[in-house]
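Asks: Here's a structure for you.
Number of protein chains: 2
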Amino acid sequence: MVPIINLPATGAEARIAARNNTYTTSTSGIANTFLQANLIVLPSRFASDFRLLCLRNPVPCPLLAESARVGCFDELKSWLPGIEDSRIAAGIDIRRDAPRYMVYEDGELKKFQCADIVEEWSEDHVAFLIGCSYSFENALTAAGLPPRHAVMGRNVPMYRTRLPLCPAGIFTGATYVVSMRMYKRSEVETVRDVTRPYVATHGEPIAWGWEAVKELGIEDIHVPEWGDAPLTLEGKHLSEEDKDMVPVFWGCGVTPQEAVMKAKLPGVVLGHAPGHMIVVDVREWEVLEEKNPN
Amino acid sequence: MVPIINLPATGAEARIAARNNTYTTSTSGIANTFLQANLIVLPSRFASDFRLLCLRNPVPCPLLAESARVGCFDELKSWLPGIEDSRIAAGIDIRRDAPRYMVYEDGELKKFQCADIVEEWSEDHVAFLIGCSYSFENALTAAGLPPRHAVMGRNVPMYRTRLPLCPAGIFTGATYVVSMRMYKRSEVETVRDVTRPYVATHGEPIAWGWEAVKELGIEDIHVPEWGDAPLTLEGKHLSEEDKDMVPVFWGCGVTPQEAVMKAKLPGVVLGHAPGHMIVVDVREWEVLEEKNPN
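The listed protein sequences correspond, in order, to chains A and B. Under our numbering, think of the first position of the first sequence as 187, with each following residue one higher. Under our numbering, think of the first position of the second sequence as 187, with each following residue one higher.
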C-alpha cells in the first residue's frame, strides 16, 4: 500500500511543516492558490539599495514584503497595496519557515540546502520576500495551457541574459534572469493574457519567439543555467526548425539573488534554496492587477 | 528698461498662467521645487495596458496620477504613495493647464503646439501624468553639479535606445528613451547619489561611460533625436578621446510617448508639447525615496 502523504494545503501549514522539518523538499505544487516567495536576507547597510533595486525592476524583482524592523525575523512590512502587514504570513519565523536555505559569506557559498538559518541570522539582518512564478503556472494550467516542464515532471529552465537591470546603489551591472516555457506561436497572445494580471509574480512575458533568444543574449537554449533542459514532449532536444513552437520568457525570481551575488557583498547573506520557497497567507486572487497605493 | 516678467512661482500659478495663455513657453526653470509632469491622454480602452506599461517600467515611466474617472479632466487619482488625490493639482483642467499641446489621430501628428485640447478631449479619454527630470536637475545644481546644457542655455539631449521596455498588452516592441548629461568620470558616483532619491522622476542614471553608448544602441551621440546636440563648454563636439568626461544616461519621460506612437493606436491621442509640462502642487521633497504603499 502506498502511504498517504498529507501535503501542506495552506501557507500556514507549509510554514509549520518546514519549521518542524516534516516538509523538506521543493514547494512546487503545494498549498495551491497561496503565494510563494523567494527569500533574500542582507546586512542592514545594503537594505536601502536592495529595496530600490526591486522597486526599479518590479518585473523580475516583485517585492512582496520585508522585515518589519532591522533584525526582525517574525514580523513583516507589506509592500502589497491593500494587504496589511499582519496579513502576509501570520506567526512567520523567517529563519525556519523555508524547507531549505543557502548561506553565503563574503560572496561564497558556505552552506547548501541547510534546514534553517537560526545560527546565521543576526540582529543586523533584513529579510526580503519576492514574488514567484508558481502562481501564474496554476493559472496557465487552469486555462488549458499547462507548462510543458510541469506536465513532464521537470523543473522550469532558467537562463542568464544580457538584458541589464536598472542599477540601484551598490547593485550595478546586474542582468535579468528569465524562466522559459515553450508554446505554440498561436497560443502566445492567450499566454500573455492569462499571465498579465499576475503583477506581483512577474506578470506577462518579457519576450517571446526564437528571435528573442538572440536579443536576450542567451547562449544556448538547450543548456539553462538553472532548472532542467527543455525537451519536446517526445523527450528530444528543441529545434528552431519547428517554427510552430516558440520559447516564451518571463522575468524570474532568481534575478535578485544573482544581483546580490554579482555585487559581492561583504558579510553574511542568506536565502532560500532554489525551489524551496516560503509560502505565505496571501491568496493569488488578492494581488491580481496593480492596485492604486492610496 | 528691461520689463520685469513675473514667472509662475508655484504649480497653481503655472497652471493658471497656461490656462489663460499668459505663459506659453517651456516650463524649464519655473515654479522651482514643484513637480512637473508629462501628459498622455488615451482612449479608455488602452488605459489599462498603458497603466501596466508604466507600472512595469517605473524608471522611464514613473506614474504620478491619472484621471479620477474615464472622461474626467478636472479630478485626479494619485499614484504617489501617501499623497492624497486632491493634493496632486487642485482645480486642474487637464485640457488647458499645459502651456502647449500635441494632437495625434490614428498615429499621425494633427496639431503641433496648440494652446489647448478642449475640442479634442472626449468623454472616452483618460489622462496620465508621468514624472519629469527637471526635479533632479535642480538637485544636481544645488550639489554643485549643474547639467552642462542648463549652464549653456541649451536643451538636454535625448536619444532612442535599443533597450527594450517590459511589454504590456498592446504596448510591445517599445524601447527606452534616455536623456544625457556629461560629467567627469570622478563625479559619476556623486551624481548617482544626488539623483537616487528622486524615484518619482526617473531616479539615478541607468547607464554611464562611453561604453554605455554602444550598449544602449545609440547610433550617434552628436545627433540626439530630441533636444540640442551636446557640446563642450567651448562649443565644440564631444570627443570620446576626452577620457575624463563621460556621458551619463537617465530614463526619460519621452519613453511612454514613444511607446504610444509605436503602438500606432487608432483614435485621438493627446499630449503636452515636449518641454511644456503641467506643473502640479506636489513638492519635490514629498516624493523622495520610495514609500511603503500601506
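We put the beta carbon where it would ideally sit given N, CA and C, even for glycine.
With DSSP collapsed to three states, give me the class of Tyr345(A).
Replies: Start at 1 with the first residue of the first sequence, and residue 345(A) comes out as number 159. Correct three-state label for Tyr345(A): strand.
Asks: For a cutoff of 8 Å on Cβ pairs, would you count Trp396(B) as touching chain A?
Replies: Counted from its first residue, the second sequence places residue 396(B) at position 210. No, no contact with chain A.
Asks: Which class does Ala336(B) belong to by DSSP, given the choice of helix, strand or coil?
Replies: Residue mapping note: residue 336(B) aligns to position 150 of the second sequence, counting from 1. The answer is helix: DSSP assigns Ala336(B) an H, G or I state.
Asks: Beta strand (DSSP E) containing Ser264(A): first to last residue?
Replies: Stepping through the first sequence from its first residue, residue 264(A) is reached at position 78. Per DSSP, Ser264(A) belongs to the beta strand (DSSP E) from Leu262 to Ser264.
Asks: So with CB distances below 9 Å, who are the chain B contacts of Ala354(A)?
Replies: Within the first sequence, numbered from 1, the residue matching residue 354(A) stands at position 168. Per Cβ cutoff of 9 Å: Arg382, Gly389 and Glu390.
Asks: Starting from Cys318(B), follow its DSSP beta bridges and name the residues at the other end.
Replies: Here residue 318(B) is taken as the residue at index 132 of the second sequence, counted from 1. According to DSSP, Cys318(B) bridges with nothing at all.
Asks: Interface residues of chain B around Val227(A) at Cβ under 9 Å?
Replies: To locate residue 227(A), count along the first sequence from 1; it is residue 41. What Val227(A) touches in chain B: nothing, since even the nearest Cβ is about 19 Å away.
Asks: Roughly how far, in whole angstroms, is the beta-carbon of Thr279(B) from the beta-carbon of Asp260(B), given that I think they are within contact range, below 8 Å?
Replies: Along the second sequence, read from residue 1 onward, the residue named residue 279(B) stands at position 93. Along the second sequence, read from residue 1 onward, the residue named residue 260(B) stands at position 74. The sequence shown places Asp at residue 279(B), rather than the Thr named in the question. The Cβ separation is near 6 Å, so the contact holds.
Asks: Do Ala445(B) and Ala328(B) have their CB atoms nearer than 8 Å?
Replies: Residue mapping note: residue 445(B) aligns to position 259 of the second sequence, counting from 1. Residue mapping note: residue 328(B) aligns to position 142 of the second sequence, counting from 1. Their beta carbons are not under 8 Å apart, which means Ala445(B) does not touch Ala328(B) by this criterion.
Asks: Please list the terminal residues of the continuous beta strand (DSSP E) segment that includes Arg367(A).
Replies: Position 181 of the first sequence, counting from 1, holds the residue named residue 367(A). From DSSP, the beta strand (DSSP E) with Arg367(A) extends over Thr361 to Lys370.
Asks: Spell out whether any CB of chain B is found under 8 Å from the CB atom of Leu451(A).
Replies: Here residue 451(A) corresponds to residue number 265 of the first sequence, with the count starting at 1. So no, Leu451(A) is outside the interface.
Asks: Going by DSSP in three states, Ser437(B) sits in which element: helix, strand or coil?
Replies: By 1-based counting over the second sequence, the position of residue 437(B) is 251. The residue asked about is misnamed: residue 437(B) is Gly in this sequence, not Ser. Here Gly437(B) sits in strand by DSSP.
Asks: If you measure between the beta carbons of Trp436(A) and Val337(A), is that distance less than 8 Å?
Replies: Taking the first residue of the first sequence as 1, we reach residue 436(A) at position 250. Taking the first residue of the first sequence as 1, we reach residue 337(A) at position 151. For Trp436(A) and Val337(A), no; Cβs fall outside 8 Å.
Asks: Counting only C-beta atoms, is Arg367(A) closer than 8 Å to chain B at any point?
Replies: Position 181 of the first sequence, counting from 1, holds the residue named residue 367(A). So no, Arg367(A) is outside the interface.
Asks: Kindly list, in the order they appear in chain B, the residues whose Cβ is closer than 8 Å to that of Pro244(A).
Replies: Indexing the first sequence from 1 puts residue 244(A) at position 58. Per Cβ cutoff of 8 Å: Leu241, Arg242 and Pro244.
Asks: Does chain A have any CB closer than 8 Å to the CB of Val409(B)?
Replies: As a working mapping, residue 409(B) is identified with position 223 in the second sequence. Answer no: the Cβ-Cβ gap between Val409(B) and chain A never drops below 8 Å.
Asks: Can you pull the chain B residues whose beta carbon is under 9 Å from the beta carbon of Val468(A), in chain order?
Replies: Here residue 468(A) corresponds to residue number 282 of the first sequence, with the count starting at 1. Here the premise fails: no neighbours, minimum Cβ distance about 13 Å.
Asks: Taking the straight line between their C-alpha atoms, what separation do you get for Met463(A) and Ala325(B)?
Replies: Position 277 of the first sequence holds residue 463(A). Position 139 of the second sequence holds residue 325(B). Distance between the alpha carbons of Met463(A) and Ala325(B) is about 42 Å.
Asks: Name the chain B residues that come within less than 9 Å of Val385(A), Cβ to Cβ?
Replies: As a working note, residue 385(A) is residue 199 in the first sequence. The answer, in chain order, is Leu238, Leu241 and Arg242.
Asks: So, at 6 Å on beta carbons, what are the nonlocal neighbours of Gly317(A) in its own chain, with the 5 sequence-adjacent residues on each side left out?
Replies: Translated into the one-based positions of the first sequence, residue 317(A) becomes position 131. Here the set comprises Pro248, Leu250, Ala386 and Thr387.
Asks: Taking the alpha-carbon positions, what's the Arg346(A) to Ala354(A) distance?
Replies: Start at 1 with the first residue of the first sequence, and residue 346(A) comes out as number 160. Start at 1 with the first residue of the first sequence, and residue 354(A) comes out as number 168. Their backbone Cα atoms lie some 19 Å apart in a straight line.
Asks: What does the alpha-carbon distance come out to for the pair Val399(A) and Met368(A)?
Replies: Counting from one through the first sequence, the residue named residue 399(A) turns up at place 213. Counting from one through the first sequence, the residue named residue 368(A) turns up at place 182. Their Cα atoms are separated by approximately 12 Å.
Asks: Classify Ala204(B): buried if its beta carbon has 16 or more other beta carbons within 10 angstroms, exposed otherwise.
Replies: Looking up residue 204(B) in the second sequence gives position 18. Classification of Ala204(B): buried, given that the 10 Å Cβ count is 16 or more.
Asks: Counting Cβ pairs, one atom from each stretch, are 3 or more of them under 8 Å apart for the segment 419 to 433 of chain B and the segment 467 to 480 of chain B?
Replies: Not touching, per the Cβ criterion.
Asks: Using the Cα positions of Arg237(A) and Glu305(B), report the straight-line distance between them to the nearest angstrom.
Replies: Within the first sequence, residue 237(A) is the residue found at index 51, counting from 1. Within the second sequence, residue 305(B) is the residue found at index 119, counting from 1. Cα to Cα, the separation comes out at about 44 Å.
Asks: If I'm right that Gly457(B) touches Tyr209(B) with Cβ under 8 Å, what's the distance once you round it to whole angstroms?
Replies: Here residue 457(B) refers to the residue found at position 271 of the second sequence. Here residue 209(B) refers to the residue found at position 23 of the second sequence. The Cβ separation is near 18 Å, so there is no contact.
Asks: Decide if Thr211(A) is buried, meaning its Cβ has at least 16 other Cβ atoms within 10 Å, or exposed.
Replies: In the first sequence, residue 211(A) corresponds to position 25, counting from 1. Its Cβ having fewer than 16 others within 10 Å, Thr211(A) is exposed.
Asks: Ala449(B) to Glu291(B), Cα distance in whole Å?
Replies: Position 263 of the second sequence holds residue 449(B). Position 105 of the second sequence holds residue 291(B). Roughly 13 Å between the two C-alpha positions.
Asks: Looking at the secondary structure, which residues open and close the alpha helix (DSSP H) in which Ala204(A) lies?
Replies: Taking the first sequence and counting its residues from 1, the one referred to as residue 204(A) is at position 18. Gly197 to Arg205 is the span of the alpha helix (DSSP H), which, as asked, contains Ala204(A).
Asks: State the DSSP-derived secondary structure class of Asp235(B), mapped to helix, strand or coil.
Replies: The residue given as residue 235(B) occupies position 49 in the second sequence. Helix, per DSSP.
Asks: Can you find the residues in the same chain that come closer than 6 Å, C-beta to C-beta, to Cys300(A), ignoring five residues on each side of it along the sequence?
Replies: In the first sequence, residue 300(A) corresponds to position 114, counting from 1. If we look at Cys300(A) and ignore the five residues flanking it on each side, its Cβ neighbours are Tyr287.
Asks: Within its chain, find whatever has a CB closer than 6 Å to the CB of Pro350(B); leave out the 5 residues flanking it on each side and keep chain order.
Replies: Within the second sequence, numbered from 1, the residue matching residue 350(B) stands at position 164. Result list for Pro350(B): Thr361, in chain order.
Asks: Return helix, strand or coil for Lys296(B), following the three-state DSSP convention.
Replies: The residue labelled residue 296(B) in the question sits at position 110 within the second sequence. Looking at Lys296(B) - three-state DSSP - the assignment turns out to be strand.
Asks: Taking the alpha carbon of Leu262(A) as the reference point, which residue from Val374(A), Pro479(A), Thr376(A) and Val466(A) has its own alpha carbon closest?
Replies: Numbered from 1 along the first sequence, position 76 holds the residue referred to as residue 262(A). Residue Val466(A) is the option with its Cα nearest to Leu262(A).
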